[in-house]
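Down below is the structure, laid out as structure tokens.
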Amino acid sequence: MSGKKLLQLFFNMLYISAFTFGGGFVIITLMKQKFADELGWIDEQEMLDLTALSQASPGAIAVNAAILVGWRTAGAAGITAAVAGTILPPLGLLSVISFFYASFISNPYVVLALKGMQAGVAAVIFDVVWSLGQNVWEEKSIASILLMAIAFIAAFFCHINVIYIILATASFGIIREIFRRKKGEA
Amino acid sequence: MIYIQLFISFFQVGLFSIGGGYAALPLIQNQIVELHSWMTMGEFTDLITIAEMTPGPIAVNSATFVGIRIAGIGGALAATFGCIFPSLMIVTFLAFLYCHYKGSSLIQSVLFCLRPAVVALIFSAGLSIAQTALFAERELRLQNTDWTGAVIFLAAFVILRKRKCNPILIMALCGVSYLGINMLY
Numbered sequence: 001m002s003g004k005k006l007l008q009l010f011f012n013m014l015y016i017s018a019f020t021f022g023g024g025f026v027i028i029t030l031m032k033q034k035f036a037d038e039l040g041w042i043d044e045q046e047m048l049d050l051t052a053l054s055q056a057s058p059g060a061i062a063v064n065a066a067i068l069v070g071w072r073t074a075g076a077a078g079i080t081a082a083v084a085g086t087i088l089p090p091l092g093l094l095s096v097i098s099f100f101y102a103s104f105i106s107n108p109y110v111v112l113a114l115k116g117m118q119a120g121v122a123a124v125i126f127d128v129v130w131s132l133g134q135n136v137w138e139e140k141s142i143a144s145i146l147l148m149a150i151a152f153i154a155a156f157f158c159h160i161n162v163i164y165i166i167l168a169t170a171s172f173g174i175i176r177e178i179f180r181r182k183k184g185e186a
Numbered sequence: 187m188i189y190i191q192l193f194i195s196f197f198q199v200g201l202f203s204i205g206g207g208y209a210a211l212p213l214i215q216n217q218i219v220e221l222h223s224w225m226t227m228g229e230f231t232d233l234i235t236i237a238e239m240t241p242g243p244i245a246v247n248s249a250t251f252v253g254i255r256i257a258g259i260g261g262a263l264a265a266t267f268g269c270i271f272p273s274l275m276i277v278t279f280l281a282f283l284y285c286h287y288k289g290s291s292l293i294q295s296v297l298f299c300l301r302p303a304v305v306a307l308i309f310s311a312g313l314s315i316a317q318t319a320l321f322a323e324r325e326l327r328l329q330n331t332d333w334t335g336a337v338i339f340l341a342a343f344v345i346l347r348k349r350k351c352n353p354i355l356i357m358a359l360c361g362v363s364y365l366g367i368n369m370l371y
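So the protein sequences, as listed, match chains C and U.
Counting with our numbering, you get residues 1 to 186 for the letters of the first sequence.
Counting with our numbering, you get residues 187 to 371 for the letters of the second sequence.
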């Protein structure tokens, strides 16, 4: 059973990693759809927690997320399976490309297909954000909605480094809890 | 020993790049162009283009690409392991902390605040990708709009909303239809 799960983890990560263009958030979106929505190994809230953790840790977000999801589903063996699945496709593909990279980046068909895939990637992310945003909205918590709006403005319009946004939000969470405790004592 | 040098260089890239892909670029440049002269600036620019155009994390892609050009497959492996090694240690430790203290009200409060922020960050990343994909020079002007891309984007979004189909299949279809439409005209 556990061996089967490890194989599933490895091949799912291999598949996701092989088709994920455009960095960390894209792969996290696809991982959420696979492991939370489809397989139900992780619940949605936990997936968001793991996303924050992989963002705040050094290194490639995709690798960090793979470590967390692997560990969460199958411990140390899960980490090995998920990380191997994540790095094998880029390792293989880049090895091949590095031998004839000049002809690869100047091939107009390659460029066009990749351009179209970018539009697809954007659509996939919008779809997931729609669902996640709906859940936040339905919490009917003003704090959550405000945090979402402020974080968005800070990231998209002010180009503030993601790591500072996460640190500031986490600090806000700590202060909020301290205030709440003080209120409880009084 | 070139393998050890590659490992150490990319170990530093992995250790100090917080916030993913683009945060790693200046570090990679520093290691491979300035410190070790393994590549020229022109080659480095090609490397970024390829790393962005191909699947996988930019740091891992760069590690493979640099490693293989410097020291073959062994070099690629040394650089890639160097790159993911810091993550393995630090993230495993954070996962352990998360698991142990998840129940505490302080961590609950932090996570409660982080979740909506993370949703916003994902949205922001999605918008940037849409901007690159649908507008020439990333400028939001009507005459810069790539209408083929915009139609494909909208169609993909509607299909994904209406029915839960495989996102990777949708992405591949977008690539194929974009290529097809552009070849017809």
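We put the CB at the ideal spot given by N, CA and C, even for glycine.
If you're wondering where the values come from, they're calculated on a predicted model, not measured in any experiment.
For residue 291/U, the chain C residues whose C-beta falls within less than 7 Å of its own C-beta are 177, listed in chain order. From the listed residues 263/U, 332/U, 307/U and 283/U, the smallest Cα separation to residue 194/U is found for 263/U.
Note on residue 32/C: 16 or more other CB atoms within 10 angstroms of its CB, so buried under the neighbour-count rule.
In this structure the segment 64-81 of chain C lies against the segment 32-42 of chain C, because at least three pairs of beta carbons, one per stretch, are closer than 8 Å.
Per DSSP, residue 240/U has no beta bridge partner at all. The secondary-structure analysis by DSSP pairs residue 282/U with nothing; it has no beta-bridge partner. Per DSSP, residue 110/C is one residue of the alpha helix (DSSP H) stretching across 108-138.
As computed with DSSP, residue 331/U is found in a beta bridge with 321/U. Per DSSP, reduced to three states, the secondary structure at residue 64/C is helical. The segment 90-98 of chain C and the segment 312-329 of chain U do not touch, with fewer than 3 CB-CB distances between them shorter than 8 Å. Counting the other Cβ atoms within 10 Å of the Cβ of residue 12/C gives 16 or more, which makes it buried. In this chain, the alpha helix (DSSP H) harbouring residue 15/C covers 2-19. Judged by DSSP secondary structure, residue 158/C falls outside any alpha helix (DSSP H); it is assigned neither H nor E.
Against chain C, a Cβ distance below 7 Å from residue 212/U picks out nothing, because the smallest value is about 13 Å.
Here residue 107/C is exposed: its Cβ has fewer than 16 other Cβ atoms, across all protein chains shown, within 10 Å. Rounded to whole angstroms, residue 363/U and residue 221/U show a C-alpha spacing of 44 Å.
Check the Cα spacing between residue 114/C and each of 291/U, 249/U, 359/U and 296/U: the tightest is with 359/U. Only those residues of the segment 156-173 of chain C whose C-beta falls short of 8 Å from the nearest C-beta of chain U are listed: 156, 161, 162, 163, 165, 166, 169, 170, 172 and 173. Between the alpha carbons of residue 121/C and residue 354/U lies a gap of roughly 9 Å. DSSP places residue 289/U outside any alpha helix (DSSP H), giving it a letter other than H or E.
In this structure, the CA atom of residue 57/C is about 9 Å from the CA atom of residue 201/U.
The alpha carbon of residue 179/C has as its nearest neighbour, out of 317/U, 304/U, 291/U and 338/U, the alpha carbon of 291/U. Within chain C, 94, 97, 98, 101, 104 and 105 have C-beta atoms less than 9 Å from the C-beta of residue 236/U, given in sequence order. Take residue 88/C, set aside five residues on each side of it, and the residues of its chain with a beta-carbon closer than 8 Å to its own are 14 and 17, in chain order. Among the CB atoms of chain U, none fall inside 9 Å of the CB of residue 73/C. In this structure residue 351/U is not in contact with residue 173/C, their Cβ atoms being roughly 36 Å apart against a cut-off of 8 Å. Within the same chain, 209, 210, 213 and 245 come within 8 Å of residue 203/U by CB-CB distance, once the 5 residues on both sides are set aside. Here residue 348/U has no same chain residue with a Cβ atom under 8 Å from its own Cβ, once five neighbours each way along the sequence are excluded. Contact annotation: the segment 136-147 of chain C does not touch the segment 327-345 of chain U, with fewer than three C-beta pairs closer than 8 Å. The beta carbons of residue 268/U and residue 260/U sit no closer together than 9 Å.
Residue 75/C is classed as exposed because its beta carbon has fewer than 16 other beta carbons within 10 Å across all chains shown. By a beta-carbon distance limit of 8 Å, residue 29/C does not contact residue 304/U. Their separation comes to about 11 Å. The beta-carbon of residue 327/U is placed no less than 9 Å from the nearest beta-carbon of chain C. Under the Cβ criterion of 9 Å, residue 79/C is counted among the residues facing chain U.
Chain order gives no chain U residues near residue 84/C, where near means a beta carbon separation below 9 Å; the closest approach is about 10 Å. Between residue 110/C and residue 239/U, the C-beta gap is smaller than 9 Å, which places the two residues in contact.
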